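Undergrad: Pasting a structure below so you can have a look.
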Amino acid sequence: MVSTGNMLILEKSTPQRPGGLKQRVVSTLLYCTGEMQQLHTHMQDKFFLLQLAEWCLRGISRVILLNNPLSGALILAALLLESPWQALLGMLGLLASTFTAIIMGQDCEEVSSGLHGFNGMLVALLMGVFSSAGDWYWWLLLPACLGGAATTFLSSSLESVLGRWDLPVSVFPFNTVILLFLACTGTSNPYFPNYPAQPPGAPESTNHTKLHVPQLLQGVVLGVGQIFACETLGPSLLILGAVFIFSPILAVYALLGSGISTVAGLSMSVQHSFLYSGLSGFNGALGCMVVGAFYILSWRTHLLSIANALLSAYTDIALSNLLAVLGLPASSWAATLTGTLMLLLTGENLKEYRIPTGKVTSPEQNLHSHKQWSAANTNATDV
């Protein structure tokens, strides 16, 4: 008979099984996915600058319907790789809108989760993209700060209106402020000149009759990157990876929506340069992701996401042609408008899958919570 002491010695001398290391790796990966709520709780008693860094990283990820600081860090790396100047402008707009929300006394949880930062970042980022004054034009820092702060005022105002229908403010503030800025400054402004927007259906300088399929497929990936105005493959892949970390389902929807939007552009004879650069795909990607984020995954909502991607794509083409007459871009108005309409649907077969705006997390977590709720209701009915 083996004594207790000998058993303890044997247990200590036994090498650790590979399953232990594998379990730790899996646990670490799971910790980095979703909303990283444990990190958010851990940061609450840290120094303000550390908390601000987390808020800003979450704000960066909020642009693309995420809520994950690691995803935000990857996206920031993509922006720095694409253009350090535009990344600087984006961060300045993010800080301006975040500090404005703090000064106004906006809800602390909303500020800490980045909800009052992403619109300011987009405004400042697009100011740099459309500026014809070139990189490192320091005067542009002033409108970047003012535009970022303005989005917080608009967001606070719209929230009181849209909240009555349980609708998110989304990027309405960004689209409004950037459109007003570009309309005010124009292309010949001596201080803040801008490039005029081109319609997607305008004739090209050379007649490209042959379609390059590899470039077209690359354009589908670039469509995800164009949400942050990234035109190259490396940063776009980083952004897609950031989406995958938060939610693999949303990553699939981003590519699916961009692909559907690209096909829609082909059907409307959009310029090949728009297809290859991803400009035809990013509104469809956003439209598809909106449904994936605000509805529980099912075959009905999957079809709805495809329909919204198509609607966003065709709406974007129409708005781009209309606004290009004035030299203005359509930005993400198409995905914003169609996504809002999709959230207002009243059909009983879809309403039961609609997630309240304040309870939206990752699609995987939403699906898990729905299954638990359904199982609890089934057990209660059986009793």
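Numbering-wise (this note's numbering), the sequence shown opens with residue 9 and increments by one.
Positions of the beta carbon are idealized from the N, C-alpha and C atoms, including for glycine.
None of these values were measured; they are calculated from a predicted model.
#1: Identify the continuous alpha helix (DSSP H) that holds cysteine 296 and give its terminal residues.
#2: Is there contact between the stretch 172 to 182 and the stretch 127 to 143, where contact requires at least three CB pairs shorter than 8 Å?
#3: From Phe55, Leu305, Thr309, pick the residue whose C-alpha is nearest to that of methionine 350; which is it?
#4: When DSSP labels each residue in this structure, what does serine 139 get in the three-state scheme?
#5: Between Leu264, Leu74, Gly335, which lies nearest to alanine 250 when the distance is taken from Cα to Cα?
#6: For glycine 286, collect the residues of the same chain with a Cβ closer than 8 Å to its Cβ; drop the 5 residues on either side in sequence, then sort them by chain order.
#7: Which word fits phenylalanine 56, buried or exposed, when buried means at least 16 other C-beta atoms lie within 10 angstroms of its C-beta?
#8: So, with DSSP's three-state summary, where would you put asparagine 76?
#9: Hey, out of Leu330, Phe302, Phe236, Leu274, whose CA is closest to valine 137's CA?
#10: Measuring alpha carbon to alpha carbon, tell me which residue in Val298, Asn76, Met51 is nearest methionine 44.
#11: Which residues in the same chain as alanine 301 place their Cβ atom closer than 7 Å to its Cβ, once the five residues preceding and following it in sequence are excluded?
#12: I'd like to know if the stretch 306 to 322 and the stretch 90 to 105 are in contact, where contact means that at least 3 CB-CB pairs between them fall below 8 Å.
#13: Would you mind stating whether glycine 295 and leucine 319 have Cβ atoms separated by less than 9 Å?
#14: Could you check which residue in Leu246, Lys359, Leu327 has the C-alpha nearest to that of leucine 82?
#15: I'd like the span of the alpha helix (DSSP H) that includes serine 5, first residue to last.
#16: With DSSP as the reference, label asparagine 374 as helix, strand or coil.
#17: What is the DSSP secondary structure of threonine 214, counted as helix, strand or coil?
#18: Alpha carbon to alpha carbon, how far is threonine 195 from tryptophan 146? Give it in angstroms, no decimals.
#19: Just mark glutamine 94 as buried or exposed, buried being the case when its beta carbon has 16 or more other beta carbons within 10 Å.
#20: Which ranges does the alpha helix (DSSP H) cover as unbroken runs of at least 4 residues, wholly within the stretch 328 to 379, from first to last along the chain?
#21: According to DSSP, is asparagine 197 part of a helix, a strand, or is it coil?
#22: Rounded to whole angstroms, how far is the Cβ of threonine 184 from the Cβ of methionine 112, which I believe are closer than 8 Å?
TA: Let's see:
#1: 290 to 302
#2: Yes: at least three Cβ pairs fall under 8 Å.
#3: Thr309
#4: strand
#5: Leu74
#6: Gly227, Val228, Val229, Leu230, Gly231, Val232, Gly233, Gln234, Glu239, Ser244, Ser266
#7: With fewer than 16 Cβ atoms within 10 Å of its Cβ, phenylalanine 56 is classed as exposed.
#8: coil
#9: Taking only the C-alpha atoms, the option nearest valine 137 is Phe236.
#10: The alpha carbon of methionine 44 has as its nearest neighbour, out of Val298, Asn76, Met51, the alpha carbon of Asn76.
#11: Closer than 7 Å at the Cβ level, and outside the excluded window around alanine 301, lie Leu73, Leu258, Val368, Pro371.
#12: no
#13: yes
#14: Closest by alpha carbon: Leu246.
#15: The question about residue 5 has no answer, for the chain in this structure spans 9 to 391.
#16: helix
#17: Residue confidence is low: threonine 214 scores 48 on pLDDT, short of 50, so the model does not pin down where it sits. Its coordinate-derived value is still stated next. Note: threonine 214 maps to coil in three-state DSSP.
#18: Rounded to whole angstroms, the gap between the alpha carbons of tryptophan 146 and threonine 195 is 18 Å.
#19: buried
#20: 341 to 351, 356 to 359
#21: coil
#22: The Cβ separation is near 18 Å, so there is no contact.
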